[in-house]
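For the sequence shown, the working numbering assigns the number 1 to the initial residue and increments by one for each residue that follows. Glycine included, C-beta positions come from ideal geometry on N, C-alpha and C. Bear in mind the structure is a predicted one, so any value in this text is a computation, not a measurement. See below for the structure under consideration.
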Amino acid sequence: MVCGVQKKIVAGVPTRLNSKTYLEVWKDGVVAEKLPIGQQACYVLGRNADVCDFELAHPSISRQHAAIVHTKAGTLEVMDLESAQGTTVDGVELSGPNEFRKAVDNGSEIVFGASSRRYIVRGYNQAPAISSGASSSSLADMAQLPTGFATTNNVKQSQKAADRAARDEEIRRMTMEMMTQAPKVSHFPAVSADEVGNTTHEVDNQKPRSSVPRGPQNNPNKQQQPTETVDSDGPESDSDDDDNAATSADSYARDLALRYNLPLKNQVVLTSHIKSITSIAVDAPGARVATGSMDYHMKLWDFAGMARQVRPFRDTEVEEGHAIVALSYSPTGDRVLSVTGSSQPTVLSREGVKETQFVKGDMYVMDMVHTKGHTHTCTGGAWHPTLKQSMATCALDGTVRLWKLDGKTAFNKLLNDQVIKFKSKQGKRIEVTACAYNTDGSLVFGATTEGSVFGYDLRRATTTTAAVKMPGAHAAGSPDLSVSSIRFANDKVFGTRSCSDDCVKLHFAVANMAFNATGTAVAVGTGVPTGKERHGQVLFFDVLTAVTAPLTAIDMHPDESAVCVAWHPKINQVFVGSSAGTVRVFYDEAISTKGVLLSATKKLPLASAGYVRIDESSDGAIVNPHALPMYRDANAKPTKRKYAKIRLDPIASKKPSKPITGPGFGGSTGGSTLTQFFMRDQIKSESIRSEDPREAILKYAKVAAADSTYLGSAYATTQPTDQIAAEYQLAKETLEQEKLTKEEQNRRLLDL
Numbered sequence: 001m002v003c004g005v006q007k008k009i010v011a012g013v014p015t016r017l018n019s020k021t022y023l024e025v026w027k028d029g030v031v032a033e034k035l036p037i038g039q040q041a042c043y044v045l046g047r048n049a050d051v052c053d054f055e056l057a058h059p060s061i062s063r064q065h066a067a068i069v070h071t072k073a074g075t076l077e078v079m080d081l082e083s084a085q086g087t088t089v090d091g092v093e094l095s096g097p098n099e100f101r102k103a104v105d106n107g108s109e110i111v112f113g114a115s116s117r118r119y120i121v122r123g124y125n126q127a128p129a130i131s132s133g134a135s136s137s138s139l140a141d142m143a144q145l146p147t148g149f150a151t152t153n154n155v156k157q158s159q160k161a162a163d164r165a166a167r168d169e170e171i172r173r174m175t176m177e178m179m180t181q182a183p184k185v186s187h188f189p190a191v192s193a194d195e196v197g198n199t200t201h202e203v204d205n206q207k208p209r210s211s212v213p214r215g216p217q218n219n220p221n222k223q224q225q226p227t228e229t230v231d232s233d234g235p236e237s238d239s240d241d242d243d244n245a246a247t248s249a250d251s252y253a254r255d256l257a258l259r260y261n262l263p264l265k266n267q268v269v270l271t272s273h274i275k276s277i278t279s280i281a282v283d284a285p286g287a288r289v290a291t292g293s294m295d296y297h298m299k300l301w302d303f304a305g306m307a308r309q310v311r312p313f314r315d316t317e318v319e320e321g322h323a324i325v326a327l328s329y330s331p332t333g334d335r336v337l338s339v340t341g342s343s344q345p346t347v348l349s350r351e352g353v354k355e356t357q358f359v360k361g362d363m364y365v366m367d368m369v370h371t372k373g374h375t376h377t378c379t380g381g382a383w384h385p386t387l388k389q390s391m392a393t394c395a396l397d398g399t400v401r402l403w404k405l406d407g408k409t410a411f412n413k414l415l416n417d418q419v420i421k422f423k424s425k426q427g428k429r430i431e432v433t434a435c436a437y438n439t440d441g442s443l444v445f446g447a448t449t450e451g452s453v454f455g456y457d458l459r460r461a462t463t464t465t466a467a468v469k470m471p472g473a474h475a476a477g478s479p480d481l482s483v484s485s486i487r488f489a490n491d492k493v494f495g496t497r498s499c500s501d502d503c504v505k506l507h508f509a510v511a512n513m514a515f516n517a518t519g520t521a522v523a524v525g526t527g528v529p530t531g532k533e534r535h536g537q538v539l540f541f542d543v544l545t546a547v548t549a550p551l552t553a554i555d556m557h558p559d560e561s562a563v564c565v566a567w568h569p570k571i572n573q574v575f576v577g578s579s580a581g582t583v584r585v586f587y588d589e590a591i592s593t594k595g596v597l598l599s600a601t602k603k604l605p606l607a608s609a610g611y612v613r614i615d616e617s618s619d620g621a622i623v624n625p626h627a628l629p630m631y632r633d634a635n636a637k638p639t640k641r642k643y644a645k646i647r648l649d650p651i652a653s654k655k656p657s658k659p660i661t662g663p664g665f666g667g668s669t670g671g672s673t674l675t676q677f678f679m680r681d682q683i684k685s686e687s688i689r690s691e692d693p694r695e696a697i698l699k700y701a702k703v704a705a706a707d708s709t710y711l712g713s714a715y716a717t718t719q720p721t722d723q724i725a726a727e728y729q730l731a732k733e734t735l736e737q738e739k740l741t742k743e744e745q746n747r748r749l750l751d752l
């Protein structure tokens with residue numbers, strides 16, 4: 001995994017005490033604004049808003065003027081980035097090769113360039129203060145509380161030992177009394193969760209098994225165990241060091257989750273695929289998720305429309321016999337791009353209905369620019385981040401093709417709008433294994449099997465020359481063992497991932513990575529070989545520091561690998577696709593919103609215990625079999641003889657009326673329907689079924705011969721009457737007459 005950024009500054013993670021640090025901006029004697037500087041490890045200030053965290057609009061300030069850095073030691077320093085007008089801290093100008101940085105404290109005054117604004121540091125290294133209303137007596141009362149509530153370090157060791165001895169003596173005394181009066185105990189068999197209606201096979205709403213995050217007092221190989229809070233005066237643990245270590249680990253884990261927005265408290269498992277997950281796509285609002293697998297199926301999940309039985313609402317086989325390679329939602333979420341192992345990606349609607357398919361190129365054309373589609377296997381695709389009609393795909397034919405939904409089509413197939421060719425160091429065609437847009441869509445990046453990454457500026461008239469070149473970003477490899485992912489963060493940091501080097505162990509050609517919303521952390525999945533009872537992991541790394549050790553890790557099941565990950569910036573939930581065909585959704589109620597929370601918090605629909613169906617045609621009579629004879633209903637149950645009598649009554653049996661024959665009476669017509677009555681009685685003409693068509697035509701022959709109106713005067717003298725071809729002459733006999741004539745001729749021949 002390789003991350004690229006324009007400025008490399010070694011920094012540390014902001015400590016918990018510095019999380020509320022901010023710059024108080026003074027102008028003309030009043031506070032103009034406050035700039036928070038306690039959430040990221042590094043803040044860049046300057047005049048260029050594209051590369052700086054805070055824009056300082058003053059002519060004397062450089063494009064990248066200065067940086068505020070949280071060091072690994074927990075201090076806060078101001079660094080001058082070789083600006084033209086310099087930076088002043090507490091009246092001392094930062095200049096020279098060894099004096100370009102200076103530590104600051106609360107109240108330090110910073111001046112950038114010749115600006116009249118003064119920046120005062122506030123909230124640095126301040127712990128939460130105790131309320132002023134707390135008196136000395138209340139603090140003394142807090143010290144006398146049971147040790148289960150208070151911190152053990154605040155109690156003297158001698159007092160703790162005395163309290164423990166007193167408790168042990170009391171426990172021994174109570175135990176002896178209970179043994180003499182102990183009642184009989186009955187053991188009941190344990191009831192399984194399935195027998196009481198448990199639905200954990202559909203929703204695994206439990207804490208994920210995670211490794212302990214790296215901290216000063218933690219063992220990175222030890223699994224973090226859940227701790228319980230004791231609200232009683234029971235005896236303490238024999239090992240205070242273990243309690244302190246567990247408390248410190250929990251505190252560090254909470255601090256880590258808040259600092260990097262790690263939603264790892266709970267998880268929900270989406271189980272529907274039967275093979276390894278290859279891609280995960282989440283729409284912009286975070287309400288729908290599309291998952292692709294090696295089983296050739298794409299499944300759509302709607303969290304707002306399902307309860308805790310997490311099931312997909314649409315199952316689509318995009319292209320028969322081809323696994324899903326990449327999925328991408330449009331910016332509006334109304335369409336999804338599905339790239340399969342074939343050379344023809346497909347665009348589907350939000351409901352999973354196929355809308356259009358890309359055209360297949362001519363594989364016999366040498367120049368890939370002269371064909372309108374991919375000719376080899378597609379390896380990736382992405383939708384434009386802002387334009388809902390544009391998208392990009394890449395393939396092993398050495399091209400990245402740009403498409404527009406409103407572009408040209410041929411035989412209902414979409415033609416590409418633009419072609420970008422990739423070449424190797426020798427100038428030959430080379431395979432492209434991954435592609436992606438940057439955050440604003442102005443650049444499109446592609447990775448080759450040589451391990452190089454190139455970015456092309458789409459705002460230029462031509463795209464023959466790359467605007468960004470990163471040759472040798474990864475080791476060279478084959479199409480299946482090369483760069484598999486390109487991802488961008490919001491702060492102009494992008495990362496690439498490859499199977500050909502040992503940055504993070506991979507076993508899948510579709511493995512990817514995901515940044516959090518602020519770009520300070522990145523999540524990657526690791527693979528393990530099957531059959532060795534090893535666990536794949538989801539690793540979380542710090543992006544802004546040079547530390548290669550993971551912040552924390554989540555273990556998968558034995559022989560299960562974490563193939564692909566997705567981290568939605570809006571709902572702050574992590575989606576992990578595994579080699580077992582499941583998708584794990586990690587969330588935290590405190591820092592996550594919507595998404596899987598919409599379904600995880602819903603109650604299961606309760607089936608009715610019993611019901612009675614009442615037929616509408618029935619009378620709804622009440623049956624009372626134990627009533628007295630004088631109160632019983634004799635007509636409650638009709639017998640066979642009574643039923644026969646009812647059939648004789650046309651009104652009681654609702655017998656339909658018979659069709660009327662002859663003239664109608666009483667408002668009823670003679671026909672069974674009004675149309676039949678109208679056709680028979682009102683239309684006087686005879687039916688054409690009984691009319692001979694030959695006779696109907698021949699009756700106009702004499703009229704046509706006598707009157708030339710039908711043929712016209714032009715044919716009166718030139719039209720021959722006896723030289724018409726036989727095929728155009730009218731038949732002299734009907735079919736029946738011809739049949740009789742032929743039979744007569746055959747009989748005459750037999751008589752001879």
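Residue span of the beta strand (DSSP E) that contains residue i, given as start and end
i, result
"aspartate 555", "552-558"
"glutamate 736", "Note, glutamate 736: premise wrong, no beta strand (DSSP E); alpha helix (DSSP H) at 735-751."
"tyrosine 119", "118-122"
"lysine 754", "In the structure as shown, the chain begins at 1 and stops at 752. Residue 754 is therefore absent and cannot be evaluated."
"alanine 447", "443-448"
"phenylalanine 303", "Here phenylalanine 303 belongs to no beta strand (DSSP E), and DSSP marks it neither H nor E."
"cysteine 564", "562-568"
"alanine 580", "Note, alanine 580: premise wrong, no beta strand (DSSP E); not H, not E."
"isoleucine 274", "Element bounds for isoleucine 274: n/a, residue is neither H nor E."
"leucine 481", "Leucine 481 -> no beta strand (DSSP E), and no H or E assigned at all."
"methionine 470", "468-470"
"phenylalanine 454", "453-457"
DSSP bridge partner residues for residue i (one or two, in chain order)
i, result
"arginine 335", "Ser349"
"arginine 401", "Thr393 and Val419"
"isoleucine 622", "The partner list for isoleucine 622 (beta bridge, DSSP) is empty, contrary to what the question assumes."
"lysine 413", "Gln357 and Ala410"
"serine 83", "Partner(s): none; serine 83 has no beta bridge."
"lysine 27", "Val30"
"threonine 88", "Glu93 and Val111"
"arginine 584", "Val269 and Val576"
Whether residue i touches residue j by CB criterion (9 Å)
i, j, result
"lysine 404", "threonine 332", "no"
"alanine 566", "alanine 514", "yes"
"glycine 91", "glutamate 109", "yes"
"valine 543", "alanine 489", "yes"
"arginine 401", "histidine 376", "no"
"alanine 32", "arginine 117", "yes"
"alanine 81", "glycine 29", "For the sequence presented, residue 81 should be read as leucine rather than alanine. In this structure, glycine 29 does not lie closer than 9 Å to leucine 81 by Cβ."
"lysine 594", "alanine 395", "no"
"arginine 534", "proline 550", "no"
Nearest-angstrom Cα separation, counted from residue j out to residue i
i, j, result
"glutamine 309", "valine 282", "20 Å"
"alanine 701", "proline 656", "55 Å"
"proline 59", "phenylalanine 112", "11 Å"
"threonine 340", "phenylalanine 422", "21 Å"
"glutamine 217", "glycine 74", "With a pLDDT of only 40 at glutamine 217, under the threshold of 50, the placement of this residue in the model should not be trusted, and no figure is reported."
"leucine 327", "serine 338", "5 Å"
"asparagine 261", "isoleucine 171", "45 Å"
"glutamine 267", "aspartate 555", "13 Å"
"lysine 699", "arginine 748", "34 Å"
Residue i, enclosing alpha helix (DSSP H) - first and last residue
i, result
"alanine 705", "701-706"
"proline 693", "693-698"
"alanine 644", "640-648"
Query raised in the report: So does the region 23-38 actually touch the region 120-127, counting three or more Cβ pairs closer than 8 Å?
Result: yes
Query raised in the report: Using 8 Å as the threshold, is the region 311-323 in touch with the region 362-375, meaning 3 or more CB pairs across them?
Result: no
Query raised in the report: Three or more beta-carbon pairs under 8 Å between the region 269-286 and the region 244-258, yes or no?
Result: Taking a cut-off of 8 Å for Cβ pairs, the region 269-286 and the region 244-258 do not touch, as fewer than three such pairs fall below it.
Query - Touch test, the region 373-388 against the region 436-449, Cβ-Cβ under 8 Å, three pairs minimum - result: The region 373-388, when compared against the region 436-449, does touch it at the 8 Å Cβ threshold.
Query raised in the report: Is there contact here, the region 260-276 with the region 289-298, by at least three beta-carbon pairs under 8 Å?
Result: yes
Query - At least 3 beta-carbon pairs within less than 8 Å: the region 408-415 vs the region 449-457 - result: no
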